[in-house]
Amino acid sequence: MNTLLLKTLDSLLESGSQIAIGLPNIVMAEINIVVALGPPSSDTFYLGVGRQVYHNNLPRALVQRIENGLMANTRLNYISLDQNAQSWCSEEMVGPTVSFEAPIGGPLDKHIRDIAPGGFVTFPSYDSSKTTPQPFYFVASKYTGKWTAYLPQTILDTLNQLRPHIPNCDTSLKWIIFGAGGTHIYQFANGYLACMEGEHQNKNHPLNEALRQFDPDCNKSVAQGEWMIDKGSSISLHDPQYFFLKFKNTRTGLYELRFCLPPLLKEKLHSMLAFAKTPGEQKAIAMEQQIIVNQVSNNLRGLLAVNNMANLNTMQAGLSFSNAAGDVQYEYVQKKKRSFF
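Each residue of the sequence shown is one higher than the one before, starting from 191 at the first, in my numbering.
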């Protein structure tokens with residue numbers, strides 16, 4: 191199992207930090223790493239490191255977006271692939287906006303359009319010998335507790351077993367990450383819970399070891415809710431030995447990565463990281479990050495301006511409206527005159 195420590199873009203945005211270019215002793219620019227370990231074989235994958243991308247055997251529509259420059263890795267939060275590598279979803283951090291491929295007009299198509307931006311779309315493993323009317327999926331909204339899913343019965347049974355033991359189970363569930371053989375991880379608002387199946391049940395398995403390292407029940411130096419498994423994490427649906435987990439510290443905004451990858455992919459990850467750390471590439475990444483920060487800030491300012499203008503117009507004009515019968519009047523009271531919040 192391998193380990194990396196990275197600074198997240200989230201921490202830059204939250205702190206309002208600016209990325210300095212060409213200054214001595216600057217902090218290394220964030221190197222965004224996105225991994226998707228896709229079925230139907232270990233030869234299906236996406237690896238993005240900084241501005242570099244290495245992929246193989248991905249769905250044609252996804253490849254076209256990547257190669258046409260419509261899906262820059264520096265802007266990418268995650269890519270998810272279903273078991274047959276037919277349906278997929280990706281998210282760009284600016285917006286955020288999603289790109290996806292799913293049966294047109296089907297439930298997954300509708301749910302991704304309605305609630306996926308800012309959330310997380312994942313796909314479980316299942317018995318492919320049995321036909322299903324649509325892909326299995328889990329679609330999480332950016333709002334914790336708002337999600338929808340179409341899941342194999344075994345996973346539904348596990349979720350039903352958890353509900354009596356997890357306070358506000360459904361409303362605190364952020365997302366589920368799935369792996370081979372029925373293994374899946376629930377990320378709640380205040381911690382994660384892993385359901386390990388097959389080879390993953392072995393405590394010496396690297397995935398099992400990684401999860402226990404950040405689990406307060408197994409590691410007493412870890413506080414409850416201190417670490418979460420973030421978007422962009424991927425567990426192979428094809429081979430139980432491979433995974434890539436992004437553990438995010440909810441206090442510092444730092445990531446720690448734990449992964450076990452196929453030999454070629456591991457080699458490429460290290461070579462791409464080495465290139466991403468060179469001075470010239472660091473400068474290019476920092477420039478791209480500054481553009482992203484500016485775009486996100488502009489989007490936020492635009493939303494605030496619209497909201498503030500609407501509030502100002504309301505405060506100046508006041509509001510009055512009646513019920514359907516017209517016999518009761520309600521009048522808007524300016525906030526400074528209210529006796530309630």
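Idealized CB from N, CA, C, for every residue including glycine.
Determine the contact status of L298 and Q324, defining contact as a CB-CB distance below 8 Å. Residue mapping note: residue 298 aligns to position 108 of the sequence shown, counting from 1. Residue mapping note: residue 324 aligns to position 134 of the sequence shown, counting from 1. Yes, Cβ-Cβ distance for L298 and Q324 is below 8 Å.
Backbone secondary structure at E387 - three-state DSSP: Indexing the sequence shown from 1 puts residue 387 at position 197. Coil at E387, not helix or strand.
Cα separation between H428 and L383? In the sequence shown, the residue the question calls residue 428 occupies position 238. In the sequence shown, the residue the question calls residue 383 occupies position 193. So the alpha carbons of these two residues sit roughly 22 Å apart.
Backbone secondary structure at A379 - three-state DSSP: What you label residue 379 is simply residue 189 of the sequence shown in a count that begins at 1. Reduced to three states, the DSSP call for A379 is coil.
With burial defined as no fewer than 16 other Cβ atoms inside 10 Å of the residue's Cβ, what is the status of S318: buried or exposed? Here residue 318 corresponds to residue number 128 of the sequence shown, with the count starting at 1. Within a 10 Å sphere around the beta-carbon of S318 sit fewer than 16 other beta-carbons, which makes this residue exposed.
In the DSSP assignment, what residue or residues form a beta bridge with G422? Position 232 of the sequence shown, counting from 1, holds the residue named residue 422. G422 pairs with nothing; no bridge assigned.
Give the single residue among P342, T468 and G381 whose Cα lies nearest to the Cα of N439. Stepping through the sequence shown from its first residue, residue 439 is reached at position 249. Relative to the Cα of N439, the nearest Cα in the group P342, T468 and G381 belongs to G381.
Would you mind giving the Cβ-Cβ distance between P314 and I345, rounded to the nearest angstrom? I have them listed as a contact below 8 Å. As a working mapping, residue 314 is identified with position 124 in the sequence shown. As a working mapping, residue 345 is identified with position 155 in the sequence shown. Correct: roughly 6 Å between the Cβ atoms.
Status (buried if at least 16 other CB within 10 Å, exposed otherwise) for E220: Position 30 of the sequence shown, counted from the first residue, corresponds to residue 220. A buried status is given to E220, since no fewer than 16 other beta-carbon atoms sit within 10 Å of its beta-carbon.
Output the boundary residues of the beta strand (DSSP E) element that contains A330. Counting from 1 along the sequence shown, the entry for residue 330 is found at position 140. In the DSSP assignment, A330 falls within the unbroken beta strand (DSSP E) covering Y327 to A330.
Measuring straight from C-alpha to C-alpha, what distance separates L341 and P307? In the sequence shown, the residue the question calls residue 341 occupies position 151. In the sequence shown, the residue the question calls residue 307 occupies position 117. Their Cα atoms are separated by approximately 21 Å.
Would the beta-carbon of S289 fall within 8 Å of that of M261? For this step, residue 289 is matched to residue 99 along the sequence shown. For this step, residue 261 is matched to residue 71 along the sequence shown. The criterion of a C-beta distance shorter than 8 Å is satisfied by S289 and M261.
What do you reckon, are the CB atoms on F449 and F465 nearer than 8 Å? Within the sequence shown, numbered from 1, the residue matching residue 449 stands at position 259. Within the sequence shown, numbered from 1, the residue matching residue 465 stands at position 275. For F449 and F465, no; Cβs fall outside 8 Å.
Taking 6 Å as the limit between beta carbons, can you name the residues of its chain near G212, skipping five residues before and five after? The residue you call residue 212 lines up with position 22 of the sequence shown. Residue placement at G212 is poorly supported in this model, since its pLDDT is 29, which falls under 50; the coordinates still yield a value, given next. If we look at G212 and ignore the five residues flanking it on each side, it has no Cβ neighbours.
In chain order, what residues of the same chain have a beta carbon less than 7 Å from the beta carbon of N503, not counting five sequence neighbours either side? Residue mapping note: residue 503 aligns to position 313 of the sequence shown, counting from 1. In this predicted model, N503 has a pLDDT of only 43, less than 50, meaning its place in the structure is not dependable; the value taken from the coordinates is given anyway. Within the same chain, N503 has no close Cβ partners at all.
At which residues does the alpha helix (DSSP H) containing I294 begin and terminate? Here residue 294 corresponds to residue number 104 of the sequence shown, with the count starting at 1. Looking at the DSSP string, I294 is not in any alpha helix (DSSP H), and its letter there is neither H nor E.
Where does A413 fall in DSSP's three states? Taking the first residue of the sequence shown as position 1, residue 413 is located at position 223. A413 falls in the coil class under three-state DSSP.
Beta-ladder partner(s) of K438, from DSSP: On the sequence shown, residue 438 is found 248 positions in, with the first residue counted as 1. M418 and Y445, per the DSSP bridge assignment.
Beta-carbon separation (whole angstroms), T322 vs K364, contact threshold 8 Å: As a first step, residue 322 is located in the sequence shown; it is residue number 132 there, counting from the start. As a first step, residue 364 is located in the sequence shown; it is residue number 174 there, counting from the start. About 25 Å; that fails the 8 Å criterion.
Span separating the alpha-carbon of Y327 from that of E446: Residue numbering aside, residue 327 sits at position 137 when the sequence shown is read from its first letter. Residue numbering aside, residue 446 sits at position 256 when the sequence shown is read from its first letter. Using only the alpha carbons, I get a separation of about 27 Å.
Cα-Cα separation, G443 to N247: The residue you call residue 443 lines up with position 253 of the sequence shown. The residue you call residue 247 lines up with position 57 of the sequence shown. So the two alpha carbons sit approximately 33 Å from each other.
Spatially closest choice to Y376 from V412, D420 and Q472, by CA coordinates: The sequence position of residue 376 within the sequence shown is 186, counting from 1. Residue D420 is the option with its Cα nearest to Y376.
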